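Protein chains in written order, with numbering that gives the first Met the number 0: chain H, 0 to 295; chain C, 0 to 411.
All C-beta atoms, glycine included, are put in the ideal place defined by N, C-alpha and C.
Just so we're clear, the structure is a prediction, and the values are computed from it rather than from any experiment.
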Amino acid sequence: MQLFATSLLNGVTYGLLLFMLSAGLTLIFSMMGVLNFAHASFYMLGAYFGYVVSTRIGFYPALVVAPLLVGAIGALVERYGLRRAHASGHVPELLFTFGLAFVIEEAVRLVWGSLPVPYKVPASLDGPLFTLYSATFPTYKAFMMGVSVAMLVALYAGLTRTRAGLVIRAALSRPDMVEALGHNVPKVFMLVFGGGAALAGLAGVIGGNAFVTEPAMAEALGPIVFVVVVVGGLGSLAGAFVASLFIGIVQTFAVAIDYSIVGRISVSQVAPVLPYLIMVAILIVRPRGLLGTRES
Amino acid sequence: MRTRSALRAVACAFAVLATSAFAQVKIAYIDPLSGLMAATGEHGLRELEFAAEGINAKGGVLGQKLEIVPMDNKLSPQESLIVLKNAIDQGVHYIVQGNGSSVAGALIDAVNKNNERDPSHAVVFLNYAAVDPDFTNDKCSFWHFRFDANSDMKMEALTSYMKGDKNLHKVYILNQDYQFGHQVARAAREMITAKRPDVQIVGEELHPLAKVKDFSPYVTKIQASGADSVVTGNWGSDLQLLVKAAKDANLKADFFTYYAGVVGTPPALGDSGVDRVKVVTYWNSNAVSPAYEPYIDAYKKKFGATSDPYTGAMRLALTYLTDAMKKANSTEPAKVARAMEGMKEEGPFGSTEMRAADHQLIQPLFVLTFAKAGGALKNTADGTTDYSFKQDIKLDGPATARPTSCKMQRPS
């Protein structure tokens, strides 16, 4: 029972963190059709900016400042790089973001070195929140969960309940019409890309100190984010949310199971590979993902 | 007058050119300088270059200077073989590598083949950290010399400490799912059962290498098993995140580790590791002999007060190499390798010996505990000023030696 309860809690926590990471990517893909390989790099930039800002003026200001900085960089990338690549089609676009990921990683290495930086959880959020059986649950994790849920609510409300959201969605499916109505479609795209980057940046500020802030963090996290987006359904925000929780819980419970499948290989041993297995299975059985709307 | 001084300058420049172009002992450093493990690779390079500078400042060896040639292998065995070929083409006869037994294994094979085929371009492999026991047992090679203790020797030392640890009742074995992790798990199981039959092994687990972001599920499992100690060969982020998750969940267990001291780990452990994380190592910066103190001071002066030269194998390897060259009065690889066999050197913590039977360095080993710095703990752990390692036990060389199954094939 204890194992079950704590595992469930761990699974939900991990799932919400995954959602925080993949929300921006889903947003960009659903609105612009761009599969952004550099998404995890924006996450890393968020972590480093968060580290720098929090050592200067504190962690809470960093929660706002760092994502804005990352968002600004994202907007510039869209305006002066991606937009040009976009003109030549999807493949150059993909290659552009792919190359960008390497550029950002090397830039981070040049500025901050290849060692992890001492980015710490603020004292006010450090420590246990409550005790479940003998295990304590850290306050910071609860904070992460809160931010993740808030992100989902804000994104959903913003896209479906506001005028700006209406224009953004319209610009995706009927760009010519929206332009004819007097809206600046390229600017909308720039804002969406910047916004997606800012969300990744926010995840970085929060995830950077919970885990380790180092130049390799983007490379380590890139694949799992794509799994979430593919399983949830490319472009579906709700799908990404469901997929994150699903993967988080499945993976956590798999670790807890000692039952061996073949010979010496146990379920717990394959746990971290499970998300990728799920992705492959989903692509075979239901290519559009759990809640995806389109076929491709 | 003026022409004469100009001539002299030209002559000087020529002399410098001549020595640098013709009389260098080139040592290729083949390790990751980019990618996930770049930080460890760069730290190793820094220590190797620092040690070489020290030797060069004293006139080098046999009138020649040591030149370190850094080569990035991206932690990949295939890449390493390309890089090795490249090094051989450049006239390199000595290579240094340490990160990853998979890489070291590939290099040993390649070096063996190369030296047999083309003895005039023979290569000697100085291994400073790849700890797979096979390299000095069944797969031993005349051209390979290991300056780190192998993973079985380290487990021997750890379990020697456990023997007297009264708090130890239930052990959980958690490792990365690859060659090295398997070796640690096997050695831990065997040696704990042999030395402490009363201790119960309550769980054994393998997780993929460098893929786990959140260790809470593993910590939950360890907690549920009731373990009071965790034995792990984890390194890098796999160790840092494990200890962090343990602290978050308030897991009250000691961690017996191999790599708590390596680059980036002490600062990441922070308070969560104090008194809790133990490490088996050949390096204990607060116990160096007086003769070695200036070395540490000079290193800190050059790289900053938070730096600790914990890869002592670099300096020791170069000491062995240059003394073997002097003994053989040659820089020819086969002669130097032969001279290095059975050599003895006074290391920073006592006497060491390059065992002739298997080319495994026999040296003192320590079990240390992560602690707050201060008092007698003058030198701090790498990357911090607040933390250090305090000594639990020291085992002298002979106490760490293990029998070898090596049947050394020496070139005739």
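* By a C-beta neighbour count over all protein chains shown, 10 Å radius and 16 as the cutoff for buried, is Asp-175 (chain H) buried or exposed? -> exposed
* Kindly indicate which three-state DSSP category Thr-212 (chain H) falls into: helix, strand or coil? => coil
* To do: Examine the Cβ distances between the region 164-182 of chain C and the region 222-242 of chain H and report whether three or more of them are shorter than 8 Å.
  => no
* Asked: Under 9 Å Cβ-Cβ, which residues of chain C neighbour Val-272 (chain H)?
  -> Pro-207, Lys-210
* **Supposed close pair Pro-216 (chain C), Thr-251 (chain H) - CB separation, criterion 8 Å** => 4 Å
* Using a Cβ-Cβ cut-off of 9 Å, state whether Ala-400 (chain C) counts as contacting chain H. => no
* **Whether Val-278 (chain C) touches Tyr-257 (chain C) by CB criterion (9 Å)** => yes
* Lys-251 (chain C) - containing beta strand (DSSP E), residue span -> Taken as a continuous stretch (DSSP letters only), Lys-251 (chain C) belongs to no beta strand (DSSP E), as it is neither H nor E.
* Where Leu-16 (chain H) and Leu-62 (chain H) are concerned, what is the direct C-alpha to C-alpha distance, given to the nearest angstrom? -> 16 Å
* Asked: If we call anything under 9 Å between Cβ atoms a contact, is Pro-115 (chain H) one with Thr-212 (chain H)?
  -> yes
* To do: Spell out whether any CB of chain C is found under 9 Å from the CB atom of Gly-10 (chain H).
  => yes
* To do: Measure the alpha-carbon distance for Pro-289 (chain C) versus Thr-384 (chain C) and round it to whole angstroms.
  => 22 Å
* Inter-residue spacing [alpha-carbon to alpha-carbon] between Tyr-197 (chain C) and Leu-2 (chain H) -> Going by the sequence as given, residue 197 (chain C) is Asp instead of Tyr. Distance between the alpha carbons of Asp-197 (chain C) and Leu-2 (chain H) is about 26 Å.
* Asked: Does Ala-20 (chain C) get closer than 9 Å to chain H when you measure Cβ to Cβ?
  -> In this predicted model, Ala-20 (chain C) has a pLDDT of only 45, less than 50, meaning its place in the structure is not dependable; the value taken from the coordinates is given anyway. So no, Ala-20 (chain C) is outside the interface.
* Using the beta-carbon count (16 or more within 10 Å), is Leu-24 (chain H) buried or exposed? -> buried
* To do: Give me the Cα-Cα distance between Ala-20 (chain C) and Gln-96 (chain C), rounded to the nearest whole angstrom.
  => Low confidence applies here, because Ala-20 (chain C) scores a pLDDT of 45, under 50, leaving its location unreliable and the question unanswered by this model.
* Asked: Under a Cβ-count criterion, where at least 16 other Cβ atoms within 10 Å of its own Cβ denotes burial, should Met-0 (chain H) be classed as buried or exposed?
  -> exposed
* Asked: Does the Cβ of Lys-119 (chain H) lie closer than 8 Å to at least one heavy atom of the ligand NAD?
  -> As far as ligands go, the structure on display features none, and thus does not contain the ligand NAD.
* Asked: Since Gly-49 (chain H) is in the alpha helix (DSSP H), which residue starts that stretch and which ends it?
  -> 38-55
* DSSP on Ala-20 (chain C), reduced to helix/strand/coil? -> Any reading at Ala-20 (chain C) needs caution, since the residue's pLDDT is 45, under 50, leaving its predicted position unreliable; the model's value is listed next. Helix, per DSSP.
* To do: Please determine, among C:Ala-50, C:Leu-44, C:Tyr-294, C:His-92, the residue with the shortest C-alpha to C-alpha distance to Val-24 (chain C).
  => C:His-92
* How long is the line joining the alpha carbons of Ser-100 (chain C) and Leu-106 (chain C), rounded to whole angstroms? -> 10 Å
* **Nonlocal neighbours in the same chain, by C-beta distance under 8 Å from Asp-274 (chain C), ignoring five residues either side** => Thr-368, Phe-369, Ala-370
* Asked: Can you name the residues of chain C whose CB is closer than 7 Å to the CB of Leu-244 (chain H)?
  -> Going along chain C, no residue has its Cβ under 7 Å from Leu-244 (chain H), so there is no contact; the nearest lies around 14 Å.
* To do: Give a yes or no on whether 9 Å exceeds the smallest Cβ distance from Leu-42 (chain H) to chain C.
  => Per the sequence shown, the amino acid found at residue 42 (chain H) is Tyr instead of Leu. Answer no: the Cβ-Cβ gap between Tyr-42 (chain H) and chain C never drops below 9 Å.
* Report the residues of the region 232-262 of chain C with a CB closer than 7 Å to any CB of chain H, ordered along the chain. => Ser-236, Gln-239, Leu-240, Asp-247, Ala-248, Asn-249, Val-262
* Asked: Exposed or buried, His-206 (chain C), counting other C-beta atoms within 10 Å across all chains shown (16 or more means buried)?
  -> buried
* Residue interval of the alpha helix (DSSP H) (run including Lys-64 (chain C)) -> Here Lys-64 (chain C) belongs to no alpha helix (DSSP H); instead the beta strand (DSSP E) covers 64-71.
* Asked: Using a Cβ-Cβ distance under 9 Å, would Ala-14 (chain C) count as near chain H?
  -> Model confidence at Ala-14 (chain C) stands at a pLDDT of 48, short of 50, so the residue's coordinates are unreliable; what they give is reported in the following sentence. By this cut-off, Ala-14 (chain C) is not an interface position.
* To do: Under 8 Å by Cβ, that's how I've got Gly-235 (chain C) and Ala-209 (chain C) pegged, so tell me the actual separation to the nearest angstrom.
  => 7 Å
* Proximity to Ile-361 (chain C) [Cα-Cα], best of C:Gly-346, C:Ala-372, C:Gly-374 -> C:Gly-346
* Please report how far the alpha carbon of Leu-238 (chain C) lies from the alpha carbon of Cys-405 (chain C), in whole angstroms. => 32 Å
* Asked: Candidates H:Ala-100, H:Arg-160, H:Ala-149, H:Ala-170: which alpha carbon is nearest Gly-32 (chain H)'s?
  -> H:Ala-170
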